[in-house]
Amino acid sequence: MKGIILAGGNGTRLSPSTNSMNKHLLAVYDKPMIYYPLSMLMLAGIKKIMIISTPEDLPRFKQLLGDGTSLGISLHFKIQEEPRGIPDAFIVAEDFIGEDNVTLILGDNIFYGQGLTDILRKAVKNHSGATVFGYRVKDPKRFGVVEFDDNQKVVSLEEKPEEPKSDFAVTGLYIYDNKVINIAKKLQFSDRAELEITDVNKKYLENDRLDVELLGRGFAWLDAGTHDALFEASEFIKNIEQRQGFKVACIEEIAYYMGYLPKEKLLEIGESMGNNDYGKYLIDISSRKHVEQYWGVSDHHPSLRVVENE
449 MKGIILAGGN
459 GTRLSPSTNS
469 MNKHLLAVYD
479 KPMIYYPLSM
489 LMLAGIKKIM
499 IISTPEDLPR
509 FKQLLGDGTS
519 LGISLHFKIQ
529 EEPRGIPDAF
539 IVAEDFIGED
549 NVTLILGDNI
559 FYGQGLTDIL
569 RKAVKNHSGA
579 TVFGYRVKDP
589 KRFGVVEFDD
599 NQKVVSLEEK
609 PEEPKSDFAV
619 TGLYIYDNKV
629 INIAKKLQFS
639 DRAELEITDV
649 NKKYLENDRL
659 DVELLGRGFA
669 WLDAGTHDAL
679 FEASEFIKNI
689 EQRQGFKVAC
699 IEEIAYYMGY
709 LPKEKLLEIG
719 ESMGNNDYGK
729 YLIDISSRKH
739 VEQYWGVSDH
749 HPSLRVVENE
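Written out as structure tokens, the structure reads:
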């Protein structure tokens, strides 16, 4: 399984903040926005990841993340010359995907919830066809909407409908088999002059190859693409971290507990950040004497039970 983060576009909804910076590099509380989708792919066990962005912004992502070696993963980068819609990512990344399946996540999407890691890993492990994630929203007209019958079977998908047939939106996290590349190549441009991800999902639905995993009340899905949404996402992450004492989407911590990053390297990264809270957090983790790991309690990394050595 390969992973893709689509972090292109012009970010006009966040102007003027994005006039000189890609929105995915803006801070969501204490870390860049790109950390949140990257953490999701890492927790899914995906180690080969491509970031797709604009010619102007790609060097900034490389400067921030490098080639992934420091995290024990492999990061690749590809230019999207102009925004042509989400499915264009599969065409741009065709050589990178090769014959593998692929998970794509939008760079401004933030997910949080107990057991989310388990749900994502099972979806990746047991994957066939297409798997998307549905979430109940108050304003479904803004999203791709999925309709179910009485047996919770998907019967239709619509992109930004005037009269939504349900209040379940399709989130910006998608898992596909390798056929998605050819499906994307055959799509026609919509009235918005874009290739539509809903049209991709419809193709899988027509062949009875689409699964929709619903995220219930215990989950949060945030699209940090507007000023209000970005502020709300930062407040949400701040409250979680300050109340519970762990960081959400801390990619170095994830790499450490996934076994990709040795303790000495984690300490080195923490110390390199100077006397800030993020660096102190990494140093604290690296100094713990013994840690029992168990998954599924927190959304973005293992919940930890620290056992001091006798």
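When you read off a place in the sequence shown, starting at 1, and then add 448, the result is the number in my numbering.
Even glycine gets a Cβ: it sits at the ideal position worked out from N, Cα and C.
Simplified DSSP assignment, three categories, for residue i
i	result
Leu454	strand
Glu606	strand
His575	coil
Arg736	coil
Gln741	Bear in mind that the predicted position of Gln741 carries a pLDDT of just 45, short of 50, making it unreliable; the figure below should be weighed with that in mind. Three-state DSSP puts Gln741 in a strand.
Glu611	coil
Pro464	coil
Ala641	coil
Asp515	coil
Ile717	helix
Tyr583	strand
Phe591	coil
Met449	coil
Leu709	coil
Phe667	strand
Asp656	coil
Phe616	strand
Phe694	coil
Leu523	strand
Leu730	helix
Leu635	coil
Counted within 10 angstroms of its Cβ, other Cβ atoms place residue i as buried (16 or more) or exposed
i	result
Asn574	exposed
Asp505	buried
Asp587	exposed
Gln741	At Gln741, the pLDDT of 45 sits below 50, so the modelled position is not reliable and the matter cannot be decided from this model.
Leu619	Sequence check: residue 619 is Thr here, not Leu. The residue is buried, with at least 16 neighbouring Cβ atoms inside 10 Å.
Ser576	exposed
Ser720	exposed
His675	exposed
Ser468	exposed
Val833	The shown model of the chain, from 449 to 758, leaves out residue 833, and the question about it has no answer.
Pro485	buried
Phe637	exposed
Thr579	buried
Gly456	buried
Gly546	exposed
Gly516	buried
Ala681	buried
Pro480	buried
Ala632	buried
Ala641	exposed
Rounded Cβ spacing between residue i and residue j (contact assumed at less than 8 Å)
i	j	result
Gly451	Thr551	5 Å
Ile645	Pro535	6 Å
Val648	Ala617	Going by Cβ atoms, the distance from Val648 to Ala617 rounds to 16 Å, so no, they are not a contact pair.
Ser487	Ile717	So it is not a contact: roughly 15 Å between Cβ atoms.
Leu473	Leu512	7 Å
Leu662	Trp669	Not a contact, Cβ separation roughly 11 Å.
Leu605	Leu653	6 Å
Val476	Ala672	6 Å
From the options, residue whose alpha carbon lies closest to that of residue i
i	options	result
Glu683	Asp478, Gln511 and Thr466	Asp478
Gly493	Pro710, Tyr729, Met706 and Glu716	Met706
Leu678	Asn557, Leu658, Gly592 and Gln562	Asn557
Val628	Ile453, Phe538, Trp669 and Arg461	Phe538
Arg590	Glu611, Val660, Val602 and Gly577	Glu611
Glu607	Asp639, Lys570, Lys510 and Gly555	Asp639
Glu701	Lys686, Gly727, Ile688 and Asn687	Gly727
Leu491	Ile553, Leu568 and Leu519	Leu568
Lys695	Ile733, Ala672 and Leu709	Ile733
Pro503	Ser468, Gly457, Ile527 and Arg532	Ile527
Tyr483	Glu542, Asp598, Ile685 and Ile631	Ile685
Ser501	Asp625, Asn599, Ile453 and Leu658	Ile453
Leu554	Gly563, Gly520, Gly533 and Gln562	Gly533
Pro507	Ala541, Leu489, Asn470 and Pro531	Asn470
Phe525	Ile631, Glu689 and Ile497	Ile497
Val585	Ser614, Ala475, Pro710 and Val572	Ser614
Gly520	Asp725, Tyr708 and Leu714	Tyr708
Asp597	Asn630, Ala571, Val660 and Tyr560	Val660
Gly561	Gln690, Phe667, Asn687 and Lys711	Phe667
Asp656	Lys601, Glu530, Cys698 and Pro710	Lys601
Lys651	Gly582, Leu635 and Arg665	Leu635
*Ordered list of alpha helix (DSSP H) runs contained in the region 527-572, each at least 4 residues*: 536-540 and 542-545
*Contained alpha helix (DSSP H) runs [length at least 4] in the region 463-505, N- to C-terminal order*: 483-491
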